[in-house]
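Peer 1: Provided herewith is a single structure, encoded as structure tokens, for subsequent inquiry.
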Amino acid sequence: MSIDYQKTKKHKSPLKVLLKRLAQNKMGLAGVVVILILIFVAAFAHILEPYSYKLQDISNMSQPPSLTHLLGTDEFGRDLLSRIIRGARISFTVGVVSVAMSVLIGLVVGGLAGYFGGKVDLILTSFADLTWSMPSILIALLLVAIIGPGLESVVLAIGLSYWAQYARLIRGQILSLKTSVYIEATRSLGASDFVILVKHLIPNSISPVIVAATIGVGNAIVLEATLGFLGMGAQPPTPSWGAMMSSGTAYLFISPWVIVFPGIAMMITVLGFNLFGDALVDIMDVKNRESNL
Amino acid sequence: MKKTLKMAIMAGLLALPIGVTATTASAETVLTMSMSAGNAGQDSFNPFTTNRTNNVYYMVYDRLVEMGADGIIYPHLLESWTVSDDGLMITFNLREGVTFHDGSKLDSTVLKWFLEKLSTGKSKYMVDAFEDIKILNDLSVEITLSRPDPNILYNFTSSFTGVPSMEAIEKYGEDFGRKVVIGTGPFEFVSWKSGAEIVVVKNEDYQWGSALSDNQGPAYIDKVIFREILEDSTRFLEFKTGGVDILEDAPTLFLDKIKDDPNANLVTMASNGNYHMVMNTTNEFLKDVKIRQAIALSVNQDAILKAVFQGNGTPAYTYLIDRLPARKVAAEFEIHPDTEKAKTIMADLGWVKGDDGILAKDGKKLSMTLWSKSESSERKISVIIQAQLAELGIDVVIEQFDPSSIRAQFKTGKQALVVRSYGWDNADILEWFFNSARLGYPNVAMWHDNESDYLMQKAMTRSKNADDRIVNFRDYHEYLLSQFIWAPIVNSVNIHAINKRVSMPEPRFKILVGPPVQDMKLD
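Chains A and B, in that order, are what the protein sequence lines are.
Residue numbers for the first sequence follow our numbering, beginning at 95 and rising by one.
Residue numbers for the second sequence follow our numbering, beginning at 6 and rising by one.
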């Protein structure tokens, strides 16, 4: 009997259901493939890059794509492919870490606001709304200006500019869940606020957050590139895609590949995260809940 | 999916920046100029208080004398001058009928005030030898000097010595130079958007053009707009699409393209531009002259000249531009790249490369910042130097600043390495940058040395004549070179791109922007 029971349980494993549904969603699958490739490239960048990303060769500057340099060289004769590969690591790390930070802040703020309601809710929600009313690029620029340019400050800036949407999302979820019967039951069994919130409410309201976070990674990568483009992101010789495109603008008429290839790399990456995110919306059936945003 | 598309488009848009051009259409003739990056970031137009000037000074102010392209000094606001045989008595005779934009008159009272006022500001050194100024009549003053100063007339050709209105300075005080700018120049100051543009309109009453100008009266052009564009490609695009008529210091990256442009002329003028890397002599590592020497020897000027300036210009081996006599120092003082020697120096000092390729000594890694302006050339130079110093084993962290904010940063003294440039064609620039009285800015190197100050004083104040001055400045220059305070990089070219709709005579002044605009016409 017990074996049968486990089998049944296994069959209902949400992960399996998810994977099965994903396999049927071609666009989503394409997104997953892109993300997996990105993770692979980011993880093994130091092995994959054909040249050192910072190796300058002045005699070979601004060379068009060729067999020796598949995507050409930049204004310092550095191999563009190697720099894009290294840049993938930067983009991916910044995207994931900053979104994780946003989600964490959002969970805490949204969770507390939704669960306790009243004045706590009013204060926290007002603060979140205040943050949300400003364009995230503006907040990020301000923060970077205060902390000083660099990769760490970009992560921090993006993390602190995007948390409000997750806070609102989780708050909405918790508001609708906290009056449900099973929560009432848990409470009557004597569970503390902390247990109810962390063990029951948040896990049950996490799926729309995961969806939003997936799309958020794409946003964060674009924001990182924008900050890099403005010279406020990773400092040379670190190859951030945005910074590469920024220095490439000077060479638009001389070596357009310097700006085009990092742009394409970013476009594909962002598209991948968005396709995957869109697929998750369908698969997890959170569309209606997402409209709570 | 909609969101996905939007994101994809946004990402795509970043890949293709589109230049936006401004159009001006009206009956008045407007000349639009893109200032060179070195001219950007001006913070004041008060010649007495400023630390730096840009070419707008040449437009709204007139100078007592002008420097010709032939190196000869010509009269302007001064009709004539005489110098006594012992060089201790000078008479200045003003031109008659010159008025300021506010209607006040230029006479000997204003001239006396001007010469005295110079000693209160940053150009104090120019009039240090003045002992007494006596008004002879309405237009003449007599100056008694404590010592001969062979450089006096040169000083009065400089943009720092444009003559402002005495009345206006007394009336507006602090606002002068920011909100109100009044000179006698061929153009009047109209508006200034910091970091964006400066607008001047022609002075209808102007009748005192210098002898070098064909047109002594009001300019033919009604209005001149100076635009502050930092990015080289944007500057080039603006020029190509007609958004600007004159590209001051055309970016070398685009010289070939401008040469092929049927609507463009290139005008080459004597250059006074120099790029160098300053080393802060109070930095924990850079206070050691040996380390400074190793760094200076690791900078390869030729590579930078090729990559950043496309070979236009000459490698700089000293702190001065090529045509100055004080540039001709003994060969052993010139700073040429020698990476092997640099490595030996560091090894002798006990610095050893770790696994990460960075030199270390007593558990301390050799790491320092390299500052530059976010402007194209200096930024690119810093990236190349970063790689060249990595070769030696120094970990260089690049930090970029906005042109207008970097000077405030120098005052903190936190800089280590800084890529900088200057435009000046007199050896007294050494005093400007290395005088221990100006630590922070312009003495970015925080250089304080008694021997250096002694040689500087000698060159500045105890030169009996022009030849003596050259010898004294050469001594001073050689001493500074031996201390490796800068790593010299490149002496740049001075090529301007001018749209063919602008017609002008062959250059007669040493500058393009300023009095020469008098003779410019627009089709």
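Don't be surprised by glycine CBs; every beta carbon is placed ideally from N, CA and C.
Just so you know, these numbers come straight off a predicted model, no measurement behind them.
Please report the straight-line C-alpha distance between N531/B and L486/B, rounded to a whole angstrom.
Peer 2: Because chain B in this structure spans residues 6 to 528, residue 531/B falls outside the shown range and cannot be described.
Peer 1: Report buried or exposed for V357/B, applying the criterion of at least 16 other Cβ atoms within 10 angstroms of its Cβ.
Peer 2: exposed
Peer 1: Please identify the residue among Y209/A, Y276/A, S196/A whose C-alpha is closest to the C-alpha of R258/A.
Peer 2: Inspection of the sequence shows that residue 258/A is occupied by Ala rather than by Arg. Out of Y209/A, Y276/A, S196/A, S196/A has the C-alpha closest to the C-alpha of A258/A.
Peer 1: Check whether the Cβ atoms of W452/B and S441/B lie closer than 8 Å to each other.
Peer 2: yes
Peer 1: Going by Cα to Cα distance, which pick from A450/B, I77/B, V272/B is closest to E511/B?
Peer 2: V272/B
Peer 1: Could you check whether the Cβ of P158/A sits closer than 8 Å to any Cβ belonging to chain B?
Peer 2: no
Peer 1: Measure the alpha-carbon distance for I304/A versus L216/A and round it to whole angstroms.
Peer 2: 25 Å
Peer 1: Grouping DSSP H, G and I as helix and E and B as strand, with all else coil, what is M361/A?
Peer 2: helix
Peer 1: Does any residue of chain B bring its CB to less than 8 Å from the CB of F347/A?
Peer 2: yes
Peer 1: For a test of the three-state rule: what should DSSP assign to L36/B, helix, strand or coil?
Peer 2: Strand, per DSSP.
Peer 1: From L374/A to E169/A, what does the alpha carbon distance come to, in whole angstroms?
Peer 2: 41 Å
Peer 1: Can you find a C-beta in chain B that's less than 8 Å from the C-beta of G181/A?
Peer 2: The Cβ of G181/A sits no closer than 8 Å to any Cβ of chain B.
Peer 1: I'd like to check one pair, E253/B with V518/B: are the Cβ atoms closer than 8 Å?
Peer 2: yes
Peer 1: For W491/B, write down the residues that DSSP places opposite it in a beta bridge.
Peer 2: DSSP output for W491/B lists V283/B as bridge partner(s).
Peer 1: Would you kindly report the start and end of the unbroken beta strand (DSSP E) that includes V248/A?
Peer 2: Run containing V248/A: none in the beta strand (DSSP E); it sits in the alpha helix (DSSP H), 245-271.
Peer 1: With a cut-off of 8 Å on the beta carbons, I'd call Y427/B and N285/B a contact; round off their distance for me.
Peer 2: The beta-carbon distance between Y427/B and N285/B, rounded to whole angstroms, is 17 Å. This is too long to meet the 8 Å contact definition.
Peer 1: My understanding is that I241/A touches L250/A, with C-beta atoms under 8 Å, so please give their C-beta distance in whole angstroms.
Peer 2: 7 Å
Peer 1: Inspect the CB distances between the region 282-300 of chain B and the region 322-339 of chain B and report whether three or more fall short of 8 Å.
Peer 2: no
Peer 1: Using a C-beta cutoff of 8 Å, does A312/B count as contacting chain A?
Peer 2: yes
Peer 1: Could you please give the first and the last residue of the uninterrupted alpha helix (DSSP H) stretch that includes N160/B?
Peer 2: 157-160
Peer 1: Can you grab the Cα-Cα spacing for the pair K346/B / L397/B, in whole Å?
Peer 2: 10 Å
Peer 1: List the DSSP bridge partners of R232/B.
Peer 2: S39/B, E202/B
Peer 1: According to DSSP, is K288/B helix, strand or coil?
Peer 2: The sequence given here places Asn at residue 288/B; Lys does not occur at that position. Three-state result, N288/B: coil.
Peer 1: Does the count of Cβ pairs from the region 114-132 of chain B and the region 384-402 of chain B closer than 8 Å reach three?
Peer 2: no
Peer 1: Take every Cβ of the region 322-342 of chain A, pair it with every Cβ of the region 213-221 of chain B, and state whether three or more of those distances are shorter than 8 Å.
Peer 2: No, the region 322-342 of chain A does not touch the region 213-221 of chain B.
Peer 1: Is DSSP giving I148/B helix, strand or coil here?
Peer 2: Here DSSP, grouped into helix, strand and coil, assigns I148/B to strand.
Peer 1: Starting from D307/B, follow the alpha helix (DSSP H) in both directions and report where the run begins and ends.
Peer 2: 306-314
Peer 1: What does the alpha-carbon distance come out to for the pair A279/A and P330/A?
Peer 2: 57 Å
Peer 1: Could you check what DSSP says for K293/A in three-state terms: helix, strand or coil?
Peer 2: helix
Peer 1: Counting only C-beta atoms, is K358/B closer than 8 Å to chain A at any point?
Peer 2: no
Peer 1: Touching or not, the region 232-239 of chain A and the region 165-182 of chain A, by the rule of three or more beta carbon pairs under 8 Å?
Peer 2: no
Peer 1: Can you check whether the C-beta of Q329/A is within less than 8 Å of a C-beta belonging to chain B?
Peer 2: So yes, Q329/A belongs to the interface.
Peer 1: Assign A234/A to one of three DSSP states: helix, strand, or coil.
Peer 2: In the structure shown, A234/A sits in a helix (DSSP, three-state: H, G or I).
Peer 1: Please confirm whether W2/B and V304/B have their CB atoms less than 8 Å apart.
Peer 2: The shown model of chain B, from 6 to 528, leaves out residue 2/B, and the question about it has no answer.
Peer 1: Which of the three DSSP states is assigned to M529/B in this structure?
Peer 2: In the structure as shown, chain B starts at 6 and stops at 528, and residue 529/B therefore has no counterpart that could be examined.
Peer 1: How would you label M228/A, buried or exposed, when you count the other beta carbons within 10 angstroms and need 16 or more for buried?
Peer 2: exposed
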